[in-house]
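Engineer: full-length UniProt numbering puts the first residue of the sequence shown at 1, with every later residue one more than the last. Positions of the beta carbon are idealized from the N, C-alpha and C atoms, including for glycine. After the structure tokens below, expect a handful of questions from me.
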Amino acid sequence: MNFLAELRERFANSLASLDGFTGDVAPVLELIRSSNDAKFGDYQANCAMPLGKQLGKPPREIAAALVAALDVSDLCEPPEIAGPGFINLKLTDAALVGALQAAAADTEHLGVPTVAKPRTVVVDYSSPNVAKPMHVGHIRSTVIGAAIGNVLRFLGHRVITDNHIGDWGTQFGMIIYGYKHFADEAAIAKDPVPELSRLYRLVNTLVEYHNAKNNGLPALEEKLATQQQLVDELKAVEPTGDKKADKAAAKRLRQAENSLNDLLGEQKSLEEKLAKIDDDPQLAPLATEHTNIARAVLDETAKLHSGDTTNKELWETFLPACLTAIQKTYDRLNVTFDHTLGESFYHDRLQAVVDDLVARGLATENEGAMCVFLEGHAAPFIVRKQDGAFLYSTTDLATIAYRLEKWQPDAILYVVDHRQGLHFEQLFATAKQCGCENVELMHVSFGTVLGKDGRPYKTRSGDAVGLMGLLDEAVDRARSLADASPMLKTDEERQQVAERIGIGAIKYADLAHNRTSDYKFDYDKMLAMNGNTAAYMQYSYARVRGIFEKAEVTETEALAGADQLVLGSPEERALGMMLCRFAESLDKVLEEYRPNHLTSYLFDLASSYAGFFQNCPVIKAETDSLRTSRLALCALTARTLGIGMGLLGIECVERM
Ligand code: ARG
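In structure tokens form, the structure reads like this:
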């Protein structure tokens, strides 16, 4: 049962009979919410006030009319009108008990209704560039995307998950160039992945070095000169004597000076970066020798794209090794995809994309490049470069066309880092003009994972932190928690629990943060046994499950006891109500694709259970039937926690 959805439906009927109301129902129904304070009942409808304004009538009168037409007697106590026109609704115990019994009888789905109109949704997530090992930046897309897919599926939607890996871009040009010039054949024969990623890093460093030297630094110097001129001009401005104007001028000067300082800072750090390489006895000679490396890497990439035999063969040998490496990370994270259709899959469809855009009159040539000019965007969306190369944008357009043709989706979700916001804005605006008019295209963007210092999480050498190492460390730390537990008897059991707590901690911490914010990666916090953490949730789950052992019943038997369910005390009722809110929390997750609504719910459920457990003896309940009733509440709690964590991609443990 989803009481909130049900109540909204009942209100929709009541609204239909409201005198004079002709507006849109949906925003009015939004104002029916679960109440934060049990004093005001379980749900509150706050729609009478805006309706009153709209219809020019006193809100209390509207509330009375709505209530008079409202048919909820099978669900609620008689509704109460409070204050200026709030409608407070309290579920009857009979309705609550009925819903809980239905949930208990539906062990896999807990009575959560599936949607009336399932949608087909493609979820594009994880999607790393595979020429290098996965790093901390990939955790968010992988974990958030998987959770969204799970929740969609649980609610009855048709979900297609697709890992759009970067297996065709410049990074392969880098590896190929690296292989041709710097490879250690023996290392490749032994284990290609570490050597390939060494080559990638080396070439990338050299490319960045020359780019900074040839483009970055001169551009910065030019900007500095302009800014310096502006500062000089502002300094030369004579005071006018008009206080306001002089103050404004002073402010302008301050701002200009600040910008100048920022630029000087940038220049300094870039120069330091370059000096680091100039001073490095190994890198410096390579940098001097490979001055044209940036161009050469692009050439190697272009050769791969145009079917050059050597480069194609190298790509065909390297790619499987790269894929095996990322698969290890997915296995460890227990994440799967329906499809892994990377960029290379689309390479022979790119020309057609450009042709189609031209035929539709959307793309035009500009200085040799093919561009889509979009309203509200200064820069065009480039789909083919001057030198004929296709881009990330072209591949993404081809991918959309393929997805439309293959799956006819209602929505495509891209779970990708916020820095790609502009790309997706332009991509969607273009796609909306060619075939995607009725498809929801959504960039489910997320913030950066930061280190304790509040800067992007990097190793000391400045690389992004490797994902496997991160998982290992979390599991190692969780192992000390497991070792301290008297409940865990064998080494194997301790290791399994450590694995689930460690990986769960990383996933949960990520999901529990509002996806659009940055967050600090902090092992101590994420592995804490109390607070909104995976460990606390797993512990709560294990604790509930422990009761069945003590009571000598199975969970199934305990669930069957729901036919004797009573909600006699406030804590039992509060727990029963919280259990029923599971369905609402899932709806909330999908409203804006934010899994943190589910973690918050699970935390509230665990807290509500703690309150119940403290006040209501289960095994020592006064009567047998009360014991049966409370065991059923325990079983529903365990199942809801277990299924909820499962949707987040986190496994619970039986004991800890
Ligand atoms: N491979 C890209 C990157 O690492 C992310 C791809 C996201 N998906 C997409 N369809 N563009 O930045």
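Using only the alpha-carbon positions, how far apart do G111 and E185 sit?
Structural biologist: Each residue's alpha carbon lies about 59 Å from the other.
Engineer: Could you give the residue range of the alpha helix (DSSP H) that holds Y539?
Structural biologist: Element bounds for Y539: 534-551.
Engineer: Output needed for S625: all residues of its chain with C-beta closer than 6 Å, excluding positions within five of it in sequence on either side, in chain order.
Structural biologist: Contacts found: Q564.
Engineer: So, helix, strand or coil for I32, using DSSP?
Structural biologist: In this structure, I32 counts as strand in the three-state DSSP scheme.
Engineer: Do you know whose CA, among N366, R60, F390, M578, lies nearest V354's CA?
Structural biologist: Nearest option by C-alpha distance: F390.
Engineer: Starting from Q433 and walking both ways along the alpha helix (DSSP H), at which residues does that stretch end?
Structural biologist: Here Q433 belongs to no alpha helix (DSSP H), and DSSP marks it neither H nor E.
Engineer: If you draw a straight line from the C-alpha of N129 to the C-alpha of V207, how long is it?
Structural biologist: Roughly 18 Å separates the two Cα atoms.
Engineer: Just the C-alpha distance for Q351 and Q433, rounded to the nearest angstrom, thanks.
Structural biologist: Computed Cα separation, rounded: 18 Å.
Engineer: Are there any heavy atoms of ligand 1 lying less than 7 Å away from the beta-carbon of N514, as far as the coordinates show?
Structural biologist: Checking every heavy atom of ligand 1 against the Cβ of N514, none is found closer than 7 Å.
Engineer: Between the Cα of V115 and the Cα atoms of F86, L152, A147, V136, which residue gives the shortest distance?
Structural biologist: When only C-alpha atoms are compared, the closest one is L152.
Engineer: Cβ of G166 within 7 Å of any heavy atom in ligand 1?
Structural biologist: For ligand 1, at least one heavy atom lies less than 7 Å from the Cβ of G166.
Engineer: Using a Cβ-Cβ cut-off of 8 Å (strictly less than) and excluding sequence neighbours within five positions of S35, which residues of its own chain qualify?
Structural biologist: Answer for S35: G41, D42, Y43, Q44, N88, listed in chain order.
Engineer: From the DSSP output, in three-state form, read off K489 for me.
Structural biologist: Residue state, collapsed to three classes: coil.
Engineer: Assign H164 to buried or exposed, taking buried as 16 or more other Cβ atoms, counted over all protein chains shown, within 10 Å of its Cβ.
Structural biologist: With 16 or more Cβ atoms within 10 Å of its Cβ, H164 is classed as buried.
Engineer: Which residues does DSSP list as the beta-bridge partners of K180?
Structural biologist: According to DSSP, which records beta bridges pairwise, K180 is partnered with nothing at all.
Engineer: With distance defined between alpha-carbon atoms, name the residue in L263, N214, K328 nearest to T291.
Structural biologist: If we check each option's Cα against that of T291, N214 comes out closest.
Engineer: Taking only three categories from DSSP, how would you classify M529?
Structural biologist: M529: coil per DSSP, three-state reduction.
Engineer: For K247, which residues in the same chain have their Cβ closer than 7 Å to its Cβ, ignoring the five residues on either side in sequence?
Structural biologist: Nothing meets the Cβ criterion.
Engineer: Nearer than 7 Å: is that true of the beta carbon of V416 relative to any heavy atom of ligand 1?
Structural biologist: V416: yes, Cβ under 7 Å from ligand 1.
Engineer: To the nearest angstrom, how far is the alpha carbon of G307 from that of A431?
Structural biologist: Going by the C-alpha atoms only, they are around 29 Å apart.
Engineer: Can you tell me whether S197 sits near ligand 1, meaning its C-beta is under 7 Å from at least one heavy atom of the ligand?
Structural biologist: No, since every heavy atom of ligand 1 falls outside the 7 Å radius drawn around the Cβ of S197.
Engineer: Where does M1 land, buried or exposed, given buried means 16+ other C-beta within 10 angstroms?
Structural biologist: Answer is buried; the Cβ neighbour count reaches 16.
Engineer: Kindly examine ligand 1 and report whether one of its heavy atoms sits closer than 7 Å to the Cβ of T399.
Structural biologist: Result yes, Cβ under 7 Å from ligand 1.
Engineer: Cβ of V25 within 8 Å of Cβ of A12?
Structural biologist: In contact: V25 and A12 (Cβ atoms closer than 8 Å).
Engineer: Flag this pair as yes or no: are the beta carbons of V136 and A512 separated by less than 8 Å?
Structural biologist: Going by C-beta atoms, V136 is not nearer than 8 Å to A512.
Engineer: Let me confirm a value: A484 is counted as buried when at least 16 other C-beta atoms fall within 10 Å, else exposed. Which label applies?
Structural biologist: With fewer than 16 other Cβ atoms within 10 Å, it is exposed.
Engineer: Quick one: measure Cβ to Cβ for I501 and Q538, integer angstroms, because I've assumed they're closer than 8 Å.
Structural biologist: Rounded, the Cβ-Cβ distance is 6 Å, consistent with contact.
Engineer: Tell me the DSSP secondary structure of M370 in three-state form.
Structural biologist: Strand.
Engineer: Opposite G216 in the DSSP bridges: which residues?
Structural biologist: Note: G216 sits in no beta bridge, so no partner.
Engineer: Is the closest heavy atom of ligand 1 to the C-beta of A617 under 7 Å?
Structural biologist: In the sequence on display, residue 617 carries Pro and not Ala. No, the beta carbon of P617 sits no closer than 7 Å to any heavy atom of ligand 1.
Engineer: Measuring CB atoms only, is the stretch 167-177 touching the stretch 606-613, in the sense that at least three cross pairs come out at less than 8 Å?
Structural biologist: At 8 Å Cβ cutoff, the stretches do not touch.
Engineer: Around the C-beta of M529, are 16 or more other C-beta atoms found within 10 angstroms, so that it is buried, or is it exposed?
Structural biologist: It counts as exposed.
Engineer: In terms of residues, what are the limits of the alpha helix (DSSP H) holding R198?
Structural biologist: 192-211 is the extent of the alpha helix (DSSP H) around R198.
Engineer: Measuring only from the beta carbon, is D338 closer than 7 Å to any heavy atom that is part of ligand 1?
Structural biologist: False, no ligand heavy atom lies under 7 Å from that Cβ.
Engineer: On the DSSP letters alone, give me the boundaries of the beta strand (DSSP E) that E440 sits inside.
Structural biologist: Where E440 is concerned, the enclosing beta strand (DSSP E) stretches over 440-446.
Engineer: Using only the alpha-carbon positions, how far apart do F318 and H305 sit?
Structural biologist: So the alpha carbons of these two residues sit roughly 15 Å apart.
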